[in-house]
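Q:
Protein chains: 2
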Amino acid sequence: MKAELLTIGDELLIGQVSNTNSVWMAQQLNAIGVWVNQITTVSDEKQSIIKAMDEALQRADIVIITGGLGPTKDDVTKLALCHYFKVGLKKEEAVIQFIKTNFLKRGISFLPVHESQALILENSELLFNNNGTAPGMWINHQGKIVVCLPGVPFEMKGIMRNEVLPRLTSQFNLPFILHKTLVVLGMPESDVADKIADVEDNLPEHIKLAYLPNFGMVRVRLSGIGVDESILKQEIEQYFLDIQSMLPSSNIAATDDLKLEEIVGLLLTSKKQSLAIAESCSGGYISHLITSVPGSSDYFVGSLIAYSYQIKMEILGVNQQTLLEYGAVSEACVKEMVMGIKNKFGSDFAISTTGIAGPGGATPDKPVGTVWIAVAGPQGLKTRKIIGNGERMNVIERTALVALDMLRCMILET
Amino acid sequence: MKAELLTIGDELLIGQVSNTNSVWMAQQLNAIGVWVNQITTVSDEKQSIIKAMDEALQRADIVIITGGLGPTKDDVTKLALCHYFKVGLKKEEAVIQFIKTNFLKRGISFLPVHESQALILENSELLFNNNGTAPGMWINHQGKIVVCLPGVPFEMKGIMRNEVLPRLTSQFNLPFILHKTLVVLGMPESDVADKIADVEDNLPEHIKLAYLPNFGMVRVRLSGIGVDESILKQEIEQYFLDIQSMLPSSNIAATDDLKLEEIVGLLLTSKKQSLAIAESCSGGYISHLITSVPGSSDYFVGSLIAYSYQIKMEILGVNQQTLLEYGAVSEACVKEMVMGIKNKFGSDFAISTTGIAGPGGATPDKPVGTVWIAVAGPQGLKTRKIIGNGERMNVIERTALVALDMLRCMILET
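Line by line, the protein sequences give chains X and V. If you're matching positions, the first sequence starts at 1 in the working numbering and goes up one per residue. If you're matching positions, the second sequence starts at 1 in the working numbering and goes up one per residue.
1. In three-state terms, what does DSSP make of residue 428 of chain X?
2. Taking the alpha carbon of residue 18 of chain V as the point to measure from, which residue in V:253, V:372 and V:151 has its own alpha carbon closest?
3. Any C-beta of chain X within less than 9 Å: which residues of the region 300-334 of chain V qualify?
4. What's the gap between the Cα of residue 318 of chain V and the Cα of residue 400 of chain X?
5. Starting from the C-beta of residue 193 of chain V, find all residues in its chain whose C-beta is less than 8 Å away, skip the five residues before and the five after it, and write them out in chain order.
6. For residue 154 of chain V, which residues in the same chain have their Cβ closer than 7 Å to its Cβ, ignoring the five residues on either side in sequence?
7. Closer than 8 Å by C-beta to residue 390 of chain V: which residues in its own chain qualify, once you throw out the five before and the five after it? Chain order, please.
8. Any chance the region 178-186 of chain V sits against the region 2-11 of chain V, with 3 or more Cβ pairs inside 8 Å?
9. List the whole-angstrom C-beta distance separating residue 324 of chain X from residue 333 of chain X, where the pair is believed to meet the contact cut-off of C-beta under 8 Å.
10. Give a yes or no on whether 9 Å exceeds the smallest Cβ distance from residue 179 of chain V to chain X.
11. May I ask which residues mark the beginning and end of the alpha helix (DSSP H) holding residue 211 of chain V?
12. Assuming residue 346 of chain X is part of the alpha helix (DSSP H), what are its boundary residues?
13. Is the region 225-233 of chain V touching the region 257-264 of chain V in the sense that three or more CB pairs, one from each, lie closer than 8 Å?
14. Would DSSP call residue 82 of chain X helix, strand or coil?
15. Which residues of the region 253-276 of chain V have a Cβ closer than 8 Å to any Cβ of chain X? Give them in chain order.
16. Measure the alpha-carbon distance for residue 346 of chain V versus residue 380 of chain V and round it to whole angstroms.
17. Would you say residue 191 of chain X reaches chain V, if we count a Cβ-Cβ gap shorter than 9 Å as a contact?
18. Across the region 89-101 of chain X and the region 114-122 of chain X, are there enough close Cβ pairs to call them in contact, namely three or more that are closer than 8 Å?
19. Who are the Cβ neighbours of residue 122 of chain V in its own chain at under 6 Å, not counting the five residues just before and after it?
20. At a Cβ cut of 7 Å, what residues of the region 105-138 of chain V count as close to chain X, listed as they run along the chain?
21. Could you tell me whether the Cβ atoms of residue 305 of chain X and residue 284 of chain X are closer together than 9 Å?
22. Inspect the beta-carbon positions of residue 411 of chain V and residue 267 of chain V and report whether they are closer than 9 Å.
23. Would you mind listing the beta strand (DSSP E) stretches within the region 271-316 of chain V that are 3+ residues and don't spill past its ends, in chain order?
24. Can you check which of these residues, V:145, V:177, V:189 and V:342, is closest to residue 171 of chain V by C-alpha distance?
25. Counting Cβ pairs, one atom from each stretch, are 3 or more of them under 8 Å apart for the region 60-77 of chain X and the region 43-53 of chain V?
26. Taking the alpha carbon of residue 141 of chain X as the reference point, which residue from X:238, X:337 and X:56 has its own alpha carbon closest?
27. When you compare only the Cα positions, how much space is there between residue 102 of chain X and residue 158 of chain X?
28. I'd like the list of long-range same chain contacts for residue 290 of chain X, defined as Cβ closer than 6 Å, with 5 residues on each side in sequence excluded.
29. Using a Cβ-Cβ cut-off of less than 9 Å, list which residues of the region 13-30 of chain X approach chain V; keep chain order.
30. Quick check on the DSSP output: the alpha helix (DSSP H) that includes residue 245 of chain X runs from which residue to which?
31. Straight-line CA distance for residue 355 of chain V to residue 364 of chain V?
32. Where do the N-terminal and C-terminal ends of the beta strand (DSSP E) with residue 163 of chain X fall, by residue?
33. Chain A partners of residue 200 of chain V, CB-CB under 7 Å?
34. Please identify the residue among X:68, X:126 and X:362 whose C-alpha is closest to the C-alpha of residue 371 of chain X.
35. Between residue 405 of chain V and residue 245 of chain X, what straight-line distance do the alpha-carbon atoms span, to the nearest angstrom?
36. Could you tell me which uninterrupted alpha helix (DSSP H) segments, each at least 4 residues in length, are contained entirely in the region 67-128 of chain V, listed from first to last along the chain?
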């Protein structure tokens, strides 16, 4: 059962927004055994939509379209589909009532333009939208399925959860798709591939191996498809164990597709240790990563984001002399920051960062991207200086990655 | 001059990663006058790549391919292209030397597999990769251009900046593409459309209007294409002013495609006012948004992320009695938090948040998603309770959006 996603909208083609819808949809579809074959983004233009639609239906059994269902003139998806299927529109009274009731509650007036929101394709079944005015549509076309959803993420997600996924699982006898990912740190992709070549060369047709490298981290993923879930699971587990046994255990950061903040969270939880953070240049990003993990309140005490000298001195207890002599971006300062937060917040471990995220703030001996990072634990502290390059967000992200990995290593050594 | 992006990789099709490469490439191409017509993502399979390649070349003048150039077996892009163009590979000595020198510096051994990285298509010109082992390729094919780049974001960006964009601007006489965006808050998309219908109905063929709604915010975008930059700019400016004059000024949050944190930053800068934040449930995300803006150190003093009761009491001065009587997720607590941070950090404005981001932590009268937000300024404080739904990250994002908009309104009223 092959599916294609067709996302419509110039905002995606000019890089104004990122296509997060297709990431989420692909995850959900994989989870019920539907393989996504292709993702296509086209303009809000009738002809582009019709052509892309036609091509997708030639390749796939299910085509899920998002975007272009709104009440405004740039929303042309329904027109394009009417043209493609040679059908007209029908009005859904239930949708009109829903919109009227909702608007009344929120004090919005019902305009003629909203009436058009209740029109769906004659050859379609209504997929009710609890979160907005644009309904979804389910079309059976010559043995293939076309689903049409609004592009606003939380509206699309609601209809997918309530309508689309249940219909797909009940109407089709779907296979199982399983993925298993090993997170490898501190080894280049080619070294990893070299070490596990024996497994890779002998994989059966229905199991694939992929490498996903980024910033000193390689995710190695096994993906399999099969009709018997337990057999498939067993097969993948075995290959996964084989791969693990061929790599140095110190380089294996996780045996699940975890982010570094999740790995750190699991380590802190299992060791019943707590964490506090003092951030300067990373501006709250490390704290945000840590607290984006459910259950982080069990080990995360709190953070101080200390942009000003005054806060660094008053709350973290950094010496004025240190700031005057070495500046805020210095090993001396990052050390005092990490011990300050650890003592003040009474945590077992602590992280501190101070640096120049840019684009302003550079000095002759401290270019943009210069960052000092410290981690402290029950057995002492470690510091590291990195010189990142690129834009502000790159510097911030790299700082967070290095800091979290330093913390990971320190927890493991403790 | 129409371009298409062809991104290759199963990690995109299973939703393991988001396609951030195409967002960045689309922005860069637009900036030099190249319109991106379609973005297609296909699997790491030879046949899928060949088919997508063939279709893209029928529609576009330039096809930029990313991904599948690595040294591992799941990297099949070069094989697919050799097959498509009916050519072999040639070895680039400069690439081998570069890899050897680099590996020597970093203490990595040069393996036979790396030799294959220096192979490029016979019909291509080398696009040197300063940041990795996989070179890019530039192919002239029957009057059309095919560019092939590695998928690792910082490697792709380096080659785009150093090689691809300069070649495109020097070899082609490109038009100008301009976008201008109005950020409208507190008005439904259909109301906005209704009010500006007169402008929209009379736009010339080369200027398009689009609406991008999300979470109580609508971005209205004019996009134009033309050969004379100053005429195009003038035209767009005029329509833009017309649109502005048709909407209530209080609903216009920005006349540029700014994020809310940028709008708040501009307001604080222009009024020479400072900001401090006390976050509980939002866990550093608001601080991260604020500090992601270059120059934020001019107005941002710092934040406290207070997950524990103890930190809320000790540093923010929240009364123990308040926590015992009303709990941390209460109006009483959020008020004390906002005044605590404002006084402690000596800022003009302050934000505080406390709530249940989930999935754990709910009580019978406080479901997951219950969040109290407070903002304080020179003239007092305001609070608001929201009940978000969905996943942890949704609750956090919605909290940040509401908090920043409350702050925006308070700064404007001060």
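For each residue, glycine too, the CB sits at the ideal point set by N, CA and C.
A: The structure says:
1. Lying outside 1 to 414, the shown extent of chain X, residue 428 of chain X is not represented and no answer is given.
2. The alpha carbon of residue 18 of chain V has as its nearest neighbour, out of V:253, V:372 and V:151, the alpha carbon of V:151.
3. Going along the region 300-334 of chain V in chain order, one finds 300, 301, 302, 303, 304, 305, 306, 307, 308, 310, 311, 312, 314 and 315 with a Cβ nearer than 9 Å to chain X.
4. C-alpha separation (whole angstroms): 30 Å.
5. Within the same chain, and ignoring the five residues on either side of residue 193 of chain V in sequence, the residues whose Cβ sits closer than 8 Å to its Cβ are 200 and 211.
6. Here the set comprises 131.
7. Result list for residue 390 of chain V: 369, in chain order.
8. With a cut-off of 8 Å, the region 2-11 of chain V and the region 178-186 of chain V do not count as touching, because too few Cβ pairs lie within range.
9. Contact check for residue 324 of chain X and residue 333 of chain X: beta-carbon distance about 11 Å, past the 8 Å limit, so the pair fails to qualify.
10. Chain X, which has a Cβ nearer than 9 Å to the Cβ of residue 179 of chain V, makes this yes.
11. Taken as a continuous stretch (DSSP letters only), residue 211 of chain V belongs to no alpha helix (DSSP H), being part of the beta strand (DSSP E) at 207-214.
12. Per DSSP, residue 346 of chain X belongs to no alpha helix (DSSP H) and is neither H nor E.
13. With a cut-off of 8 Å, the region 225-233 of chain V and the region 257-264 of chain V do not count as touching, because too few Cβ pairs lie within range.
14. Helix.
15. Those would be 257, in chain order.
16. About 15 Å.
17. It does: the Cβ of residue 191 of chain X has a partner Cβ on chain V nearer than 9 Å.
18. Inter-segment contact for the region 89-101 of chain X and the region 114-122 of chain X is present: three or more beta-carbon pairs are separated by less than 8 Å.
19. Excluding sequence neighbours, residue 122 of chain V sits near 87, 88 and 90.
20. When CB distances to chain X are screened at a threshold of 7 Å, the residues of the region 105-138 of chain V falling below it are 108, 111, 113 and 114, in chain order.
21. Cβ distance < 9 Å, so residue 305 of chain X and residue 284 of chain X count as in contact.
22. Yes, they are a contact pair.
23. Counting only runs of 3 or more, we get 275-279 and 300-306.
24. Ranking V:145, V:177, V:189 and V:342 by Cα distance to residue 171 of chain V puts V:145 first.
25. These segments do not touch.
26. The residue with the shortest Cα to Cα distance from residue 141 of chain X is X:56.
27. One C-alpha to the other measures close to 17 Å.
28. Apart from the 5 residues on each side of it in sequence, residue 290 of chain X sits with its Cβ closer than 6 Å to the Cβ of 261, 296 and 300 in its chain, given in chain order.
29. Under the 9 Å Cβ criterion, the region 13-30 of chain X contributes 13, 14, 15, 16, 17, 18, 19, 20, 22, 23, 24, 25, 26, 27, 28, 29 and 30.
30. In the DSSP assignment, residue 245 of chain X falls within the unbroken alpha helix (DSSP H) covering 229-246.
31. Each residue's Cα considered, the two are about 14 Å apart.
32. No residue range can be given for residue 163 of chain X, since it is assigned to no beta strand (DSSP E) and is classified by DSSP as neither H nor E.
33. Absent from the structure is chain A; the protein chains it does hold are X and V.
34. Residue nearest to residue 371 of chain X within the set X:68, X:126 and X:362 is X:362 (criterion: CA-CA distance).
35. Spanning the alpha carbons of residue 405 of chain V and residue 245 of chain X requires a straight line of approximately 52 Å.
36. Whole alpha helix (DSSP H) segments, 4+ residues: 77-85, 93-106 and 112-115.
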